[in-house]
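Numbering (the UniProt record's numbering), first residue to last: 1 to 319.
The following block contains the structure:
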């Protein structure tokens, strides 16, 4: 077992164990809680809880807000419930946003993407802004070692704030897909931006630690652009080892539903989500842990910390 994995599991399980006992995570007693980012957690999975959790972390959302979520491949079984998002939009002013994709899919083109949105029921209650419909723009990546900039959907610049609603799950290349994946790959333009993230030299679909680092650098371009005007909600339900980009071909769901997390810190919320997976009994979590570790997925977390994108030392607050 690697040093990184041993350290990760020890810290994660200690935090989860303390939280379950009604105590603050490891180290909170030595450091004032106000210095740690809060990650709010509820076991209740409902539209009402989605709205309530967002409200807890919405203080910096101002102006015209984009709502980034994964609208899914045709008939995808695990995406966020449309009735939840419908209820959310009635309470939270904002526009659902997406970008086209690089892999073979109807969503490679704006026309095909719009047909998929209709198939999946989104157009019954909202209009989705396909941000790269009119091309892309470049956002700078500060401090990265792979990317100098990221090509994002041009329409992203039309928004003042970003609300990130994420279905947390596994991912074929990333190991897991949380808030980072949602904003990095999700906001990258379908051809140029997504190729920047996936390509390494002559190899287009390059995985491993280098892919995690490029994904983090792409996410940093988004978080730097919005500054404090961005917030995150992770929904831990219907968690297959497959991403929602696999649609009906996704692997079966074998993890229990866990709840909803919310935070203003992207590293803290993705770390807390992964900690919850690792806190499950070994026989329950084994397949997801294998997916995460076989893809070097934990590098998402350590590289976000290296780039100063947040804290992995969080306070879990049960709601």
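All C-beta atoms in this analysis are idealised placements derived from N, C-alpha and C, irrespective of residue type, glycine included.
Since we're looking at a predicted model, the values are computed, not measured.
Contact under 7 Å by Cβ, residue i with residue j
| i | j | result |
| --- | --- | --- |
| residue 262 | residue 235 | no |
| residue 144 | residue 217 | yes |
| residue 128 | residue 68 | no |
| residue 297 | residue 176 | yes |
| residue 80 | residue 167 | yes |
| residue 231 | residue 57 | yes |
| residue 212 | residue 108 | no |
| residue 268 | residue 39 | yes |
| residue 119 | residue 89 | no |
| residue 257 | residue 237 | yes |
| residue 94 | residue 65 | yes |
Range covered by the beta strand (DSSP E) that runs through residue i
| i | result |
| --- | --- |
| residue 106 | Run containing residue 106: none; DSSP gives neither H nor E here. |
| residue 148 | No beta strand (DSSP E) holds residue 148; DSSP gives it neither H nor E. |
| residue 250 | From DSSP, residue 250 is part of no beta strand (DSSP E); its letter is neither H nor E. |
| residue 41 | 38-42 |
| residue 129 | 128-130 |
| residue 68 | 65-68 |
| residue 71 | Where residue 71 is concerned, there is no enclosing beta strand (DSSP E), given that its DSSP letter is neither H nor E. |
| residue 95 | 95-98 |
Range of the contiguous alpha helix (DSSP H) that encloses residue i
| i | result |
| --- | --- |
| residue 172 | Unbroken run through residue 172: none, as it is neither H nor E. |
| residue 270 | 266-278 |
| residue 209 | 209-226 |
| residue 55 | 47-56 |
| residue 193 | 192-198 |
Residue i in three-state terms, based on DSSP
| i | result |
| --- | --- |
| residue 296 | coil |
| residue 85 | helix |
| residue 180 | helix |
| residue 286 | helix |
| residue 162 | strand |
| residue 230 | strand |
| residue 138 | strand |
| residue 119 | helix |
| residue 186 | helix |
| residue 263 | strand |
| residue 27 | Low confidence applies to residue 27: its pLDDT is 44, below 50, so where it sits in the model is not reliable, and the reading given next is rough at best. Coil at residue 27, not helix or strand. |
| residue 156 | helix |
| residue 315 | strand |
| residue 301 | helix |
Neighbourhood of residue i by C-beta distance below 7 Å, restricted to the same chain and skipping five residues each side
| i | result |
| --- | --- |
| residue 153 | 99, 131, 132, 136, 187 and 189 |
| residue 295 | 173, 174, 175 and 207 |
| residue 252 | 240 |
| residue 45 | 237, 257, 259 and 260 |
Residues near residue i by beta carbon distance below 6 Å, same chain, minus five either side
| i | result |
| --- | --- |
| residue 87 | 47 |
| residue 140 | 149 |
| residue 76 | 244 and 247 |
| residue 318 | 41 |
| residue 210 | 200 |
| residue 225 | 139 |
| residue 264 | 57 and 231 |
| residue 91 | 51 |
Integer-rounded CB distance, given that residue j should sit under 8 Å from residue i
| i | j | result |
| --- | --- | --- |
| residue 183 | residue 222 | 5 Å |
| residue 259 | residue 43 | 4 Å |
| residue 169 | residue 243 | 6 Å |
| residue 249 | residue 240 | Not confirmed; about 10 Å, so no contact. |
| residue 161 | residue 55 | Actually they do not touch by this definition, with Cβ atoms about 14 Å apart. |
| residue 37 | residue 303 | Contact flag wrong, Cβ pair sits at about 18 Å. |
| residue 123 | residue 117 | 5 Å |
8 Å CB neighbourhood of residue i in its chain, flanking five on each side removed
| i | result |
| --- | --- |
| residue 21 | Legend: pLDDT at residue 21 = 42, less than 50; position of this residue unreliable, value from coordinates given subsequently. Closer than 8 Å at the Cβ level, and outside the excluded window around residue 21, lies no residue. |
| residue 134 | 154 and 155 |
| residue 307 | 143, 144, 216, 217 and 220 |
Residue i Cβ short of 6 Å to the ligand FAD heavy atom set
| i | result |
| --- | --- |
| residue 186 | Questions concerning the ligand FAD fall outside what the structure shown contains, since it holds no ligand whatsoever. |
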